[in-house]
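Visitor: This is the structure, below, for whatever I ask next.
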Amino acid sequence: MNLDHVTLRTADLEGTRQFLQDLLGLMVGYRPSFGFPGYWLYEGDQPIVHLIPGGGAPVGRSVEVIDHIGFRLDGYDEFRARLDKNETPYSTMDLPDLGERRLFVRTPGQILIELVFREASEQAAAQR
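The sequence shown runs 9 to 136 under my numbering.
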């Protein structure tokens with residue numbers, strides 16, 4: 009099984025679209041006419057992030073919500089340098105036992121995005 013897409017409801021539709029395009033290199037692509045605004049953001053020919061308008065009201069911890077979304081990427085050092093250059097706030101987490109490094113960023117509407125880099129484990133596997 010593979011995850012097909014994630015839909016994000018945001019009070020800042022245009023800002024979130026631009027942020028994800030800049031952050032992940034996603035491109036706006038075909039979206040059926042649903043009768044309400046939104047975007048489908050593509051990686052290649054796959055629409056992986058759907059954006060729709062939302063109220064942007066804060067949600068308490070007692071309500072069931074998706075906590076964050078994660079994307080697996082390559083090029084940790086280059087990606088982190090780009091965040092620094094663009095002055096995009098982020099936090100880090102290194103998990104050496106998993107061979108992973110992670111960066112955490114927030115969209116303009118404060119949706120948490122986790123960026124997972126597994127180069128270390130891929131390099132170790134290639135040496136086996």
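The beta-carbon is built from N, C-alpha and C at its ideal position, and this holds for glycine as well.
Please classify Tyr47: is it buried, with 16 or more other beta-carbons within 10 angstroms of its beta-carbon, or exposed?
Guide: Burial state of Tyr47 is buried, judged by a 10 Å Cβ sphere holding 16 or more other Cβ atoms.
Visitor: Have a look at the DSSP bridge pairing and note the partners of Asp105.
Guide: In the DSSP output, where bridge partners are listed per residue, Asp105 has none listed.
Visitor: Taking contact to mean at least 3 C-beta pairs separated by less than 8 Å, is the segment 121-128 in contact with the segment 75-84?
Guide: yes
Visitor: Strictly by DSSP, which residues pair up with Gly35?
Guide: Checking the sequence, you will find Met at residue 35 rather than Gly. Tyr50, per the DSSP bridge assignment.
Visitor: Closer than 8 Å is the cut-off here; do at least three beta carbon pairs connect the segment 50-66 with the segment 90-102?
Guide: no
Visitor: What does DSSP give as the partner residue(s) for Glu127 in the beta ladder?
Guide: Beta-bridge pairing links Glu127 to no other residue.
Visitor: If we count the other Cβ atoms within 10 Å of its Cβ and call it buried at 16 or more, is Arg90 buried or exposed?
Guide: exposed
Visitor: Once DSSP output is grouped into helix, strand and coil, what is the label at Phe27?
Guide: helix
Visitor: Using the C-alpha atoms, what's the distance from Thr24 back to Pro40?
Guide: 20 Å
Visitor: My guess is that Pro55 and Thr18 are in contact by the Cβ rule of under 8 Å, so how many angstroms apart are they, rounded?
Guide: At roughly 16 Å, the Cβ-Cβ gap does not stay under 8 Å, so Pro55 and Thr18 are not in contact.
Visitor: Go ahead and label Arg69 buried or exposed: buried means 16 or more other beta carbons lie within 10 angstroms of its beta carbon, across all protein chains shown.
Guide: exposed
Visitor: Nearest to Ile119 by alpha carbon, out of Asn10, Leu21 and Asp12?
Guide: Leu21
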